[in-house]
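Notes to accompany the following structure.
Number of protein chains: 4
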Amino acid sequence: MTSKRRTPKTPATPARRTPQQDRSRAMVARIVDAGQQVLITHGYDGASTNRIAAAANISPGSLYQYFPNKDAVVAAVIERYTREVADRVRARVLSNLGKPPEVSVPETISYLLDALGNDRELLRAVVEQTPRLAADGPVVAFEQQIGELSRVALSMGHYPIPDDIDTDAAAWMLVRAVEHLTIRYLLDAPPIPRDRFLADLNRLILNFFRDPRPRAERE
Amino acid sequence: MTSKRRTPKTPATPARRTPQQDRSRAMVARIVDAGQQVLITHGYDGASTNRIAAAANISPGSLYQYFPNKDAVVAAVIERYTREVADRVRARVLSNLGKPPEVSVPETISYLLDALGNDRELLRAVVEQTPRLAADGPVVAFEQQIGELSRVALSMGHYPIPDDIDTDAAAWMLVRAVEHLTIRYLLDAPPIPRDRFLADLNRLILNFFRDPRPRAERE
Amino acid sequence: MTSKRRTPKTPATPARRTPQQDRSRAMVARIVDAGQQVLITHGYDGASTNRIAAAANISPGSLYQYFPNKDAVVAAVIERYTREVADRVRARVLSNLGKPPEVSVPETISYLLDALGNDRELLRAVVEQTPRLAADGPVVAFEQQIGELSRVALSMGHYPIPDDIDTDAAAWMLVRAVEHLTIRYLLDAPPIPRDRFLADLNRLILNFFRDPRPRAERE
Amino acid sequence: MTSKRRTPKTPATPARRTPQQDRSRAMVARIVDAGQQVLITHGYDGASTNRIAAAANISPGSLYQYFPNKDAVVAAVIERYTREVADRVRARVLSNLGKPPEVSVPETISYLLDALGNDRELLRAVVEQTPRLAADGPVVAFEQQIGELSRVALSMGHYPIPDDIDTDAAAWMLVRAVEHLTIRYLLDAPPIPRDRFLADLNRLILNFFRDPRPRAERE
DNA sequence: CATGAATGAGCTTTCATTCAT
DNA sequence: CATGAATGAAAGCTCATTCAT
């Protein structure tokens, strides 16, 4: 599983990056791969630097040439995962910018569910094993990216947003709600069909923008 | 083998606690106090049994007379916290059972925010420092209690719930949304006023029960 | 299993020993019983004082009223066992005093094998788990008793002992040989039938007293 | 994963040891030395890994790079000792293969006495302090080696062995008798001159092979 | 740069023993 | 005397990190 390919001596590509840098990048990736695998199989406490180094087929000393300490490796694992998910979701959001929310919201949520669920083991490891790094780590960055995106999307939707809505506050809340509910659905596997879950989550988000329940509606 | 004989002095009286039991309870409380404090100040990884014992002013050996291992202490800390919060929230929910959701939901959420925010440092320690100790740990138990409560409240609301709603699925989702958003609001302290946050959260929940956006409303 | 019988208030026997002493003796026996059982099931290192006390249905503190420390309990277990074996063997040896060695030696050895094999688990525990106490403990006393006995038996056999034999040296050697070989036979269970083993051991001992192999016998 | 590549500089030469291996061997020897010394001075229970590491002038962690646990160190101490003794005795036995038992047996026993007595303190530590670490531990291996040897020696003696002797059973018994008596003589230091002891032990062994005492001899 | 042996502080846990009740 | 909670020294062992080669 770990990359045994060595950078070919004479690459065809007009080497923009130094071989130096290539080797270094490859090494970092190798370590992150190893860290991810170990994190999944052994959990945070079982992810010793020795084990990660062994899984990366390098010496423990070498690991410290690329990362200052153990937590940096774990953080890199998380960062890479969230970046991948965020990239994919962002692309989808952008491609839906012009569409009405009844279309774009379900599309986005469905895609997020797929993206997060793509590696459920890793998701579980990240969420359940590494809260200790969460302080202002990569997960937060992830939310900020998506939050920013949502705010843009909200403001560009060619439909009226009720006056009583604070875009920033709403984005903060909805992003976190969607993210958390999706993760919990994936990890806790409640006895709720996927379609039902998606329908409810969409309803939650979309109904938020409706006018507060007018008196008349009751009774 | 340990003395199960109770002093038969006053057999009819509703169990005045033996000094034995009192001492034991006090000791457990002392250890949980210490564990809580250490968890807050040193985090999960820094919460060594020796440190907890020292903080409780007992010997490391004594700790093991009351808890089988370190995680049991941490679990007790969490359990006590979630129980306290759950107890207070449950009381409030029950006292609002007859009222319409426009009243009971804001009341409950506001109260939950207060209850959780009562010890923000502990909340942070529990949420950000503590790995999932068990699949059926105290946090999960907490959610199940509140979830059960919500389902009851929903069904007793005396007002029509749209046909297209699955009570269980809705309860699962809304409970987790409220819980998580409240916690994040408390821990991340986003630049959103409390009133705004509460209003939005209430809107999120209450609007969920409205009919899906009818055709007419768009445009 | 442990004795729950309490010393009857008014014993029929004309109480020579104080109830005090009786209680004390009973207690010691109870502790030794417990120690023996724990030694067998948990080994020396697993025989904690707490476990022994629990097995004796007393508190750990009480144990120290009867024994100064853990090793004293273990020593008492060994002492009682070896004393019982020695008593039985001694009786048999004495009853064979007049008989020729061709009769008395097999009788004694066979009886020793039975006596030692009576509680093979205890024998194993004593031999394999408690060498650390062997210095000049009860096992040594056992050998001295039997050795003394043997010397007496040797000197009272109404048959000639060759001049070149030092009775003390011979007794020292033969006693240890018989003891050790019997124990090893019981514990290691080599693929040797009991009869064969006994015959060989008797041959070893009895032939010892023959004249050193004369030249003539060879070729 | 650990470097199994050998420097291919001189492929034909009969494996000059890498410095790697030398260092490792030296370290193991150092730890075994330390373990031996600590075992002698503090006994098995006092032979903590920290103490052994300190005696070896290494850190406790280093010890675990060479031995998986404490008992492995103790086992290595015993193994080295028994191997040394066995090697020396085996050499002597082999060089006596052709000789008659009246010569080879005394020679072997005398040599065994010397070999075992070479480090009486260690012998005492091994015999009196060390619990049976495993059913197939070094002591047992030692006996099997010597037993095997004896059987060979017996069968090559070129002189008649009585028909009524089972070679395996006899070897089992005699080996253990010689071993145990020699050890006890060294450790208990009974008031028996060395010559007397050797003479008696030889007599015990050699006489074993004589015909069972014929009728005529009695009386 | 890579290595991996070496480090040593620190961890969780046990248990013989004591002593206030 | 009996109790058993409390002790605390010490055990075996791990692992993030360093540094000489």
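Residue numbers (this note's numbering), protein chains in the order written: chain A, 206 to 424; chain B, 206 to 424; chain C, 206 to 424; chain D, 206 to 424.
Even glycine gets a Cβ: it sits at the ideal position worked out from N, Cα and C.
Small disclaimer: the values here were computed from a predicted structure and weren't measured.
Cβ separation of residue i and residue j, assumed to be a contact under 8 Å, to the nearest whole Å
| i | j | result |
| --- | --- | --- |
| B/L327 | B/Y286 | 6 Å |
| B/D371 | A/A375 | About 26 Å separates the two Cβ atoms, so there is no contact after all. |
| B/T335 | B/V279 | 6 Å |
| A/P265 | A/N255 | 5 Å |
| C/W377 | D/I397 | 6 Å |
Cβ-based neighbour list, residue i, same chain, cut-off 8 Å, excluding 5 preceding and 5 following
| i | result |
| --- | --- |
| A/Y316 | R293, V294, R297 |
| D/V380 | E348, I351, G352, S355 |
| B/L411 | P306, E307, V310 |
| A/A346 | E284, T287 |
| D/Q242 | A260 |
| B/F413 | A375, L379 |
Closer than 9 Å at the beta carbon, the chain C residues around residue i
| i | result |
| --- | --- |
| D/I397 | D371, D373, A374, W377, M378 |
| D/L244 | Those within 9 Å of D/L244 in chain C number zero; the least Cβ separation is about 12 Å. |
Buried or exposed (CB count within 10 angstroms, at least 16 for buried), residue i
| i | result |
| --- | --- |
| C/Q226 | exposed |
| B/R408 | buried |
| D/T215 | Reliability of the predicted coordinates at D/T215 is poor, the pLDDT of 38 falling under 50, and no value is obtained from them. |
| B/T387 | buried |
| D/P343 | buried |
| D/I366 | exposed |
| B/A394 | exposed |
| B/A234 | exposed |
| B/L318 | buried |
| B/T207 | Because the pLDDT of B/T207 is 33, which lies under 50, any placement of that residue in the model is unreliable, and the number read from its coordinates should be weighed accordingly. When all chains shown are included, B/T207 counts as exposed. |
Distance CB(residue i)-CB(residue j) smaller than 8 Å
| i | j | result |
| --- | --- | --- |
| D/Y271 | D/I314 | no |
| A/L302 | A/A260 | no |
| A/V290 | A/A320 | yes |
| C/R415 | D/R228 | no |
| A/L244 | A/A231 | no |
| C/S267 | C/A277 | no |
| A/H385 | B/H385 | yes |
| B/R337 | A/E333 | yes |
Contact set between residue i and chain C, taken where Cβ atoms lie within less than 7 Å
| i | result |
| --- | --- |
| D/F413 | R408, L409, N412 |
Cut-off 7 Å between Cβ atoms - residues of its own chain near residue i, not counting five sequence neighbours on either side
| i | result |
| --- | --- |
| C/I325 | Reading off the sequence, residue 325 of chain C comes out as Arg, not Ile. For C/R325, where only same-chain residues beyond five positions count, the Cβ hits under 7 Å are L391. |
| B/V331 | I283, Y286 |
| A/G322 | L391 |
Cutoff 6 Å; reference residue i; Cβ partners in own chain excluding five residues on either side
| i | result |
| --- | --- |
| C/R329 | L392 |
| D/F402 | Y390 |
| B/A239 | I257, A260, A261 |
Contact set between residue i and chain A, taken where Cβ atoms lie within less than 8 Å
| i | result |
| --- | --- |
| B/A382 | A382, H385, L386, L409 |
| B/R285 | Within 8 Å Cβ-Cβ: nothing; B/R285 doesn't reach chain A, min ~19 Å. |
| B/F402 | A374, M378 |
Within chain B, partners of residue i - CB distance below 7 Å
| i | result |
| --- | --- |
| A/D405 | A374, A375, M378 |
Interface residues of chain A facing residue i [CB-CB closer than 7 Å]
| i | result |
| --- | --- |
| B/R356 | Those do not exist, as B/R356 stays about 13 Å from chain A at its closest Cβ, beyond 7 Å. |
| B/R389 | R381 |
| B/P417 | R408 |
Contacts of residue i in chain D (Cβ-Cβ under 7 Å)
| i | result |
| --- | --- |
| C/E333 | P336, R337 |
| C/Y249 | P336 |
Contacts of residue i in chain D (Cβ-Cβ under 9 Å)
| i | result |
| --- | --- |
| C/R235 | Near C/R235 there are no residues of chain D at all, since even the closest Cβ is about 27 Å away, more than 9 Å. |
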